[in-house]
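Numbering (our numbering), first residue to last: 33 to 443. Ideal Cβ positions, reconstructed from N, Cα and C, are used throughout, including at glycine. Comments concern the structure below.
So this is what it looks like as structure tokens:
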């Protein structure tokens, strides 16, 4: 219908207070901040900072109890840990810890506790080392063969626990603990000069045949030197592989349908079934994926330093991965920081003996850090739930959407 001058009336602009109005487009980073809000930022940033401060205070008190000066002890650790040689060792340790923690975190995302990461990576490293030492292939096929074999072995070993859980109802905690013991027995049986190993001349050490030069992965020092970073030691050449694993883990969990199905299956199997997702199948897939990543834990050391599996091969990394994953809140970035922290503490433990402090105090410090972080996060989670309940109650009482109004005022 035309107006008095024969022109169609302009459409009414949506009111700012009109609930049906189309909101203006906001940048992604601003939407994220608005979604978090002040309370969300406090939880994400304040909780770990508070936990580390509390753990530092407790550690200082423990050092004082042992008769040591906390300030000088911590300063000695920092001075030693920031030397160039220590930085290389910390990076290498953190690479192994990171892969171990990601393997554990995959299970955590579906409420599965994969205690068997330790046995999975050791068995995978041993059999992959035996395979790599027996075959000579040109690069990069030799490296790819060992890495893929380790992932397959780790995934298959972890699949046993997944199948037992979905078919017989066996807890993955119990089955993976027993599989650790079985893996240890298998390695002890096969790591023999009459089977898959050989005795090193001049020592009592037994090891698999060394992987030929074409199957090894060189250090990253050449690349680091090209960008102006010169380090005296050799940085693992498979460090980029650990970074790729973390990126893929984050993308799959947070940006794919599979990651959504995995989290839903862990939170509520009945809800997953109602949406057409087989929780039983997801359990097996998750355990296989966790075991496959566990198979990568020993690859940086095997292909980049030792070139063989021997009695001296690093052990116990699977259990360290559990604490690192807990400390990092199962997030790739948090896990990276936690891995660096644990690697720093491990590297600097020896220097404490120079100031008459037992090196075992480092183990106590690591436990204090983990317990403090877990307790603080639980308290913050309960505080967040209480605030959310209060907000909902206020909204019901006033009829206002306080969350939307708070986000609008923040913008």
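Residue i burial status per 10 Å Cβ neighbour count (16 or more: buried)
i: residue 176; result: exposed
i: residue 170; result: exposed
i: residue 257; result: exposed
i: residue 418; result: exposed
i: residue 220; result: exposed
i: residue 293; result: buried
i: residue 340; result: buried
i: residue 141; result: buried
i: residue 366; result: buried
i: residue 239; result: buried
i: residue 362; result: buried
i: residue 338; result: buried
i: residue 333; result: buried
i: residue 364; result: buried
8 Å CB neighbourhood of residue i in its chain, flanking five on each side removed
i: residue 18; result: Here the chain comprises residues numbered 33 to 443, so residue 18 is not present and cannot be evaluated.
i: residue 191; result: 316, 319, 320 and 323
i: residue 397; result: 87, 91, 94 and 377
i: residue 264; result: 116, 117 and 120
i: residue 98; result: 389, 390 and 393
i: residue 336; result: 248, 249, 250, 251, 266, 268, 269 and 270
i: residue 299; result: 143
i: residue 346; result: 128, 330 and 333
8 Å contact criterion, which residue i and residue j should meet: CB distance rounded
i: residue 325; j: residue 277; result: 6 Å
i: residue 189; j: residue 144; result: Residue 189 to residue 144, Cβ: 15 Å. No contact.
i: residue 401; j: residue 359; result: 7 Å
i: residue 147; j: residue 209; result: 5 Å
i: residue 135; j: residue 353; result: 6 Å
i: residue 12; j: residue 287; result: Only positions 33 to 443 of the chain appear in the structure, and residue 12 is not among them; the question remains open.
DSSP three-state assignment for residue i, whether helix, strand or coil
i: residue 238; result: strand
i: residue 392; result: coil
i: residue 310; result: coil
i: residue 136; result: helix
i: residue 231; result: strand
i: residue 35; result: In this predicted model, residue 35 has a pLDDT of only 49, less than 50, meaning its place in the structure is not dependable; the value taken from the coordinates is given anyway. Residue state, collapsed to three classes: coil.
i: residue 342; result: strand
i: residue 259; result: coil
i: residue 252; result: coil
i: residue 286; result: helix
i: residue 380; result: coil
i: residue 171; result: coil
i: residue 350; result: helix
i: residue 67; result: Because the pLDDT of residue 67 is 43, which lies under 50, any placement of that residue in the model is unreliable, and the number read from its coordinates should be weighed accordingly. If DSSP states are grouped into helix, strand and coil, residue 67 belongs with the helices.
i: residue 150; result: helix
i: residue 46; result: Residue placement at residue 46 cannot be trusted, given a pLDDT of 46 that sits under 50; what the coordinates show is reported in the next sentence. Coil at residue 46, not helix or strand.
i: residue 319; result: helix
i: residue 101; result: coil
i: residue 197; result: helix
i: residue 401; result: helix
i: residue 225; result: coil
i: residue 80; result: helix
i: residue 268; result: coil
i: residue 362; result: coil
Beta-carbon proximity check, residue i vs residue j, cutoff 8 Å
i: residue 327; j: residue 107; result: no
i: residue 138; j: residue 281; result: yes
i: residue 231; j: residue 253; result: no
i: residue 349; j: residue 132; result: yes
i: residue 174; j: residue 164; result: yes
i: residue 211; j: residue 158; result: no
i: residue 297; j: residue 314; result: yes
i: residue 200; j: residue 329; result: no
i: residue 162; j: residue 228; result: yes
i: residue 445; j: residue 244; result: This structure does not reach residue 445, given that the chain is present from 33 up to 443, and the question cannot be answered.
i: residue 150; j: residue 374; result: no
i: residue 109; j: residue 384; result: yes
i: residue 306; j: residue 130; result: no
i: residue 79; j: residue 412; result: yes
i: residue 381; j: residue 237; result: no
i: residue 202; j: residue 196; result: yes
Contact set for residue i: own chain, Cβ-Cβ below 7 Å, skip 5 residues either direction
i: residue 379; result: 113, 118, 121, 122 and 125
i: residue 284; result: 290 and 291
i: residue 82; result: 408
Same chain, Cβ closer than 6 Å to residue i, neighbours up to 5 away in sequence not counted
i: residue 226; result: none
i: residue 178; result: 160 and 164
i: residue 370; result: 356, 359 and 360
i: residue 272; result: none
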